[in-house]
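Here is the structure we will look at, set down as structure tokens.
Protein chains: 2
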Amino acid sequence: MPPSMKPSASPAGDKARLSRELVLSTALALVDSEGLEALTMRRLGQELNRDPMSLYRYAANRAALLDGVTELVLDELAIFPEDPDWQSQLRNIAHDLRLLALRHPNVVPLLVTRPLSTPLGLRPLGTLRPLEQILSLLIDAGFEPSDALHVYRAYYGFLYGHILNELQEFIVDPEENEALLRLGLHRLPPKEFPRLRALGPVLTDYDGAAELDQGISILLAGLAAPLAAAKTSKKPQ
Amino acid sequence: MPPSMKPSASPAGDKARLSRELVLSTALALVDSEGLEALTMRRLGQELNRDPMSLYRYAANRAALLDGVTELVLDELAIFPEDPDWQSQLRNIAHDLRLLALRHPNVVPLLVTRPLSTPLGLRPLGTLRPLEQILSLLIDAGFEPSDALHVYRAYYGFLYGHILNELQEFIVDPEENEALLRLGLHRLPPKEFPRLRALGPVLTDYDGAAELDQGISILLAGLAAPLAAAKTSKKPQ
DNA sequence: ACCATTTGTCTACGCTGTAGACGTTACGCG
DNA sequence: CGCGTAACGTCTACAGCGTAGACAAATGGT
Chain F
1 MPPSMKPSAS
11 PAGDKARLSR
21 ELVLSTALAL
31 VDSEGLEALT
41 MRRLGQELNR
51 DPMSLYRYAA
61 NRAALLDGVT
71 ELVLDELAIF
81 PEDPDWQSQL
91 RNIAHDLRLL
101 ALRHPNVVPL
111 LVTRPLSTPL
121 GLRPLGTLRP
131 LEQILSLLID
141 AGFEPSDALH
151 VYRAYYGFLY
161 GHILNELQEF
171 IVDPEENEAL
181 LRLGLHRLPP
191 KEFPRLRALG
201 PVLTDYDGAA
211 ELDQGISILL
221 AGLAAPLAAA
231 KTSKKPQ
Chain U
1001 MPPSMKPSAS
1011 PAGDKARLSR
1021 ELVLSTALAL
1031 VDSEGLEALT
1041 MRRLGQELNR
1051 DPMSLYRYAA
1061 NRAALLDGVT
1071 ELVLDELAIF
1081 PEDPDWQSQL
1091 RNIAHDLRLL
1101 ALRHPNVVPL
1111 LVTRPLSTPL
1121 GLRPLGTLRP
1131 LEQILSLLID
1141 AGFEPSDALH
1151 VYRAYYGFLY
1161 GHILNELQEF
1171 IVDPEENEAL
1181 LRLGLHRLPP
1191 KEFPRLRALG
1201 PVLTDYDGAA
1211 ELDQGISILL
1221 AGLAAPLAAA
1231 KTSKKPQ
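Chains as they are written, first to last, in my numbering: chain F, 1 to 237; chain U, 1001 to 1237.
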């Protein structure tokens, strides 16, 4: 074989033209499989069989690359603002987002921290789309726009909180996790942590979906109350 | 002045013995004033007027240093499990934690992401103390231990979510923020983001404490219901 | 077949965390 | 007091990081 045609000496040898989508998706794959800290310009370049510097044609810098990855992940979330039943909609979205987080646990830190470094007005459009769509949903359901914003905040706040909670207890494989947990709990000073130590057995089985669902129920009940009140107070008046 | 006594040529010249507390507290100060990325071993060493390598006597590596900082911050949270009124307790703690987050906004990313990288059993004790104390609180209030765990999760989940929410919209000084917001909103494609654009004015004034309080009310109402039900069902039986 | 523009590469710089060997100081004990 | 030991601090060095700037290669329109 003459080396003139395919100089792909290395096994990973697709030399197709790069594109932002390709860069971001392999970045995501890298993060999914090896964690956030594995996503370096050099490593990603090597993953794509390109010079690291070529990446800068598709992302201004590493931070922008991270933003691109979060945007890519959030695009996996499908929202259908047409559905008139806003409560079941919010419930479905919650579960979808939960599954999305479980699918990309290593991206969750980005999801929750990147917005902290970027003023709302300058965030990637993809990360604002869920906000817009949920606002639509709520306004169409009869909420005043400003109330819709409050509902959104309570809802999304709870949702993100739950995801963080669940991911803390999840981590890697349950086998090692359980062993580690027992070991760790045993290490706790019994005088200081009696409750936690006693909860050891309960801590191991954690039904995230159920816990989320039940939290959403509580929240929806509380959030729907003023809406119902407004409706009934408008009727008799 | 003979240079034999005080060779402190540089202005920041206290050459007292180091200690873990000193290292961590100046690390925290550095993070508070200049952000997370300013906390490098070299920079911290220079802040303490010491060789960067000396820090490794007090923290095994940079990750451990970050854990130490989070622990230090969480120690600012005072919980008094004696108070019999668990609802007002949880409400107070929520507001305390909110203020703590506003006092150390740059540490919040650590608060929410460090636990994701550390199995529960191996976390710094300081970060587990709030969990233990709130469990105590709830169990003393009459919850079954496993229910207490569920309540804790819903409560803390919401709390962390709210903090993330509020910090996203807060950021730096309101002046620049408002200008940026207007600019940013104006940039949004009107066809795609009509709701968000219309909410511009409302977005600027955000009463985090009120929003938190109201969310907590909803949550507490929902969480207390089963407890009350259990009490009344036990009486007639 | 040409040129212009986009895309990829190369080199180099200052920064990072930290391993390992080495002085230096402080402290307990005789 | 002095001595030995252990804790503390420093130095040097290395591999890896993000990325600026100059350059080569490829691509696509005319």
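Beta carbons: idealized from backbone N, C-alpha and C, even for Gly.
Please work out which residues of its chain come closer than 8 angstroms, Cβ to Cβ, to residue i, disregarding the five sequence neighbours upstream and downstream, and give them in chain order.
i, result
"U:Leu1135", "Pro1145, Ala1148, Leu1149 and Tyr1152"
"F:Pro84", "Asp140 and Ala141"
"U:Arg1182", "Gly1200"
"U:Arg1020", "Tyr1058, Ala1059 and Gly1068"
"F:Gln87", "Leu220 and Ala224"
"U:Gly1035", "Asn1106"
"F:Pro190", "Arg197"
Take residue i and list the residues in its own chain whose beta-carbon comes closer than 7 angstroms to its own, dropping the five residues that flank it on each side.
i, result
"F:Glu47", "Thr26 and Leu30"
"U:Leu1039", "Ala1027, Leu1030 and Val1031"
"F:Asp67", "Arg114 and Pro124"
"F:Ile139", "Pro145 and Ala148"
"F:His104", "Asp32 and Val73"
"F:Gln89", "Asp83 and Leu137"
"U:Ser1054", "Leu1018 and Gly1045"
"U:Thr1204", "Glu1178 and Leu1181"
Would you mind giving the Cβ-Cβ distance between residue i and residue j, rounded to the nearest angstrom? I have them listed as a contact below 8 angstroms.
i, j, result
"U:Pro1218", "F:Leu219", "According to the sequence shown, residue 1218 of chain U is Ile rather than Pro. Their Cβ separation, rounded to whole angstroms, is 6 angstroms, which keeps U:Ile1218 and F:Leu219 in contact under 8 angstroms."
"U:Gly1161", "F:Leu167", "About 13 angstroms separates the two Cβ atoms, so there is no contact after all."
"U:Arg1197", "U:Leu1185", "5 angstroms"
"U:Leu1188", "U:Pro1130", "Contact doesn't hold; Cβ gap of about 39 angstroms is too wide."
"U:Val1112", "F:Val112", "6 angstroms"
"U:Ala1209", "U:Arg1062", "About 35 angstroms separates the two Cβ atoms, so there is no contact after all."
"U:Gly1121", "F:Leu180", "5 angstroms"
"U:Ala1154", "F:Gly215", "5 angstroms"
"F:Leu116", "U:Pro1109", "6 angstroms"
"U:Leu1128", "F:Phe193", "7 angstroms"
Put residue i into one of helix, strand or coil per three-state DSSP.
i, result
"U:Tyr1156", "helix"
"F:Arg17", "coil"
"F:Asp213", "helix"
"U:Arg1050", "coil"
"U:Thr1040", "coil"
"U:Leu1223", "helix"
"U:Ile1139", "helix"
"F:Met126", "In the sequence under discussion, the amino acid at residue 126 of chain F is Gly, which differs from the Met named in the question. Of the three classes helix, strand and coil, the one that applies to F:Gly126 here is helix, per DSSP."
"F:Ile218", "helix"
"F:Phe166", "With the sequence shown as reference, residue 166 of chain F is identified as Glu, and Phe is not the correct amino acid for it. Here F:Glu166 sits in helix by DSSP."
"U:Glu1144", "coil"
"F:Tyr56", "helix"
"F:Gly35", "coil"
"U:Gln1237", "Residue placement at U:Gln1237 cannot be trusted, given a pLDDT of 39 that sits under 50; what the coordinates show is reported in the next sentence. Of the three classes helix, strand and coil, the one that applies to U:Gln1237 here is coil, per DSSP."
"F:Glu76", "coil"
"U:Asp1096", "helix"
"F:His150", "helix"
"F:Thr26", "helix"
"U:Thr1070", "helix"
"U:Pro1105", "helix"
Please confirm whether any heavy atom of the ligand MN lies closer than 7 angstroms to the CB of residue i.
i, result
"F:Ala101", "As for the ligand MN, it is missing from this structure, which has no ligand bound."
Leaving out five residues before and five after residue i in sequence, what residues of the same chain have Cβ atoms less than 6 angstroms from its Cβ?
i, result
"F:Glu169", "Tyr206"
"F:Lys15", "none"
"U:Leu1223", "Val1151"
"F:Gly126", "Glu71, Leu74 and Asp75"
"U:Pro1081", "Gln1133, Ser1136 and Leu1137"
"U:Met1041", "Pro1052 and Leu1055"
> Of all the residues that make up the stretch 1113–1127 of chain U, which are near chain F by a beta-carbon distance shorter than 7 angstroms?
Replying inline: Thr1113, Pro1115, Leu1116, Pro1119, Leu1120, Gly1121 and Leu1122
> Which residues, in chain order, does the stretch 128–156 of chain F contribute to contact with chain U at a C-beta distance below 8 angstroms?
Replying inline: Leu128, Arg129, Leu131, Glu132, Leu135, Ser136, Ile139, Pro145, Ser146, Ala148, Leu149, His150, Arg153, Ala154 and Tyr156
> What residues from the stretch 67–78 of chain F come within 8 angstroms of chain U, judged by C-beta to C-beta, listed N to C?
Replying inline: none
> If you measure beta-carbon to beta-carbon, which residues of the stretch 195–206 of chain F are closer than 8 angstroms to chain U?
Replying inline: Arg195, Leu196, Ala198, Leu199, Val202 and Leu203
> Listed in chain order, which residues of the stretch 25–38 of chain F have Cβ atoms closer than 7 angstroms to some Cβ of chain U?
Replying inline: none
> Just by C-beta distance, which residues in the stretch 1160–1171 of chain U are closer than 7 angstroms to chain F?
Replying inline: Tyr1160, Gly1161, His1162, Leu1164, Asn1165, Leu1167, Gln1168, Glu1169 and Ile1171: these are the residues of the stretch 1160–1171 of chain U whose beta carbon lies less than 7 angstroms from some beta carbon of chain F, given in chain order.
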